[in-house]
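A short write-up of the structure that comes next.
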Amino acid sequence: MEKAQTPLQDVQANIAKSCAIARREPEDVTLIAVSKMHPAEAIEPLLREGQRHFGENRVQEAQGKWPALREAHPAVQLHLIGQLQSNKAEDAVALFDAIHSLDRPSLVKALAKAMDKRDRRVPCFVQVDVGEEDQKGGCPVAELPALLEQARDADIPVAGLMCIPPFEIEAAPFFAFLDKLARDHGLDGRSMGMSGDYETAVRLGATHVRVGTALFGARPVLK
Ligand SMILES: *Cc1c(COP(=O)(O)O)cnc(C)c1O
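Each residue of the sequence shown is one higher than the last, beginning at 1 in full-length UniProt numbering.
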């Protein structure tokens with residue numbers, strides 16, 4: 001029995017296994033280490049192990065943590081995975097290398113304006129509300145074609161689609177659905193899969209998995 005030594009190696013090995021089952025290449029799957037709520041001291045060991053893609057869900061928290069970490073590790077790629085308020089669009093465009101939560105026309109407008117102003121085009125994933133749950137955000141499936149068109153008209157680079165399926169029920173049908181939607185719209189990127197279901201997501205075509213707990217342990221509780 002080979003035994004992975006660190007959580008990162010463990011997750012990487014699981015991704016490789018899922019890729020083998022799906023006849024995919026591990027290089028085609030980007031592991032995003034979701035470091036939200038974890039302090040710099042928890043992130044540094046992963047950086048030392050060579051992890052380069054990190055995800056945060058709040059602009060303000062990322063602004064506090066990442067500038068210093070990035071100075072030491074300039075190759076870091078930061079992904080915004082949480083809901084984005086339009087009034088934070090410019091800060092998000094300045095800090096992040098990809099945004100996974102584009103989900104409404106007003107945000108298309110705000111991001112386009114911010115990208116023009118900063119002269120920086122940040123690839124975006126359109127978040128789709130696959131489980132029809134309001135609280136997680138995401139564009140209703142019926143409104144996806146119009147939103148994609150608006151994004152393209154605004155010169156926003158659309159990298160693909162993203163989803164957060166409902167918790168505590170089988171995620172596979174939602175992943176398969178997102179994969180089909182992406183294919184129908186000619187998009188390469190599929191941002192799907194978290195600690196509990198990233199292997200399933202990889203088997204079903206994920207190009208970006210967002211894994212927090214399996215890499216960092218449980219998130220600190222806010223007091
Ligand atoms: C927190 C979060 C994750 C990571 O969740 P884990 O279960 O800790 O892996 C992934 N995606 C989004 C959008 C998140 O907010």
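Yeah, the Cβ is synthetic: ideal placement off N, Cα and C, and Gly gets one too.
DSSP three-state assignment for residue i, whether helix, strand or coil
| i | result |
| --- | --- |
| G84 | Here residue 84 turns out to be Leu, not Gly, going by the sequence shown. Correct three-state label for L84: coil. |
| E132 | coil |
| I43 | helix |
| V221 | coil |
| A33 | strand |
| V122 | coil |
Counted within 10 angstroms of its Cβ, other Cβ atoms place residue i as buried (16 or more) or exposed
| i | result |
| --- | --- |
| Q51 | buried |
| residue 229 | Here the chain covers residues 1 to 223 and nothing more, so residue 229 does not appear. |
| S106 | exposed |
| P165 | buried |
| G189 | buried |
| Q127 | buried |
| S217 | For the record, residue 217 in the displayed sequence is Gly; it is not Ser. Exposed: under 16 other Cβ atoms inside 10 Å. |
| V221 | exposed |
| E71 | exposed |
| A20 | exposed |
| R120 | exposed |
| E199 | buried |
| I169 | exposed |
| A75 | exposed |
| residue 231 | Because the chain here runs from 1 to 223, residue 231 falls outside it and cannot be looked at. |
First through last residue of the beta strand (DSSP E) which encompasses residue i
| i | result |
| --- | --- |
| S18 | Counting along the chain, S18 falls outside any beta strand (DSSP E), though it belongs to the alpha helix (DSSP H) covering P7 to I21. |
Those residues which DSSP pairs with residue i across a bridge
| i | result |
| --- | --- |
| E56 | L80 |
| S101 | Partner(s): none; S101 has no beta bridge. |
| S191 | M162 and H208 |
| Q127 | M162 |
Run of the alpha helix (DSSP H) containing residue i, from where it starts to where it stops
| i | result |
| --- | --- |
| Q150 | L144 to D153 |
| E90 | A89 to L95 |
| F167 | No alpha helix (DSSP H) holds F167; DSSP gives it neither H nor E. |
| A201 | Y198 to R203 |
| A214 | T213 to F216 |
Sequence-ordered residues whose beta carbon comes within less than 5 Å of a heavy atom of ligand 1 = V34, N57, I81, M194, S195, R210, V211, G212 and T213
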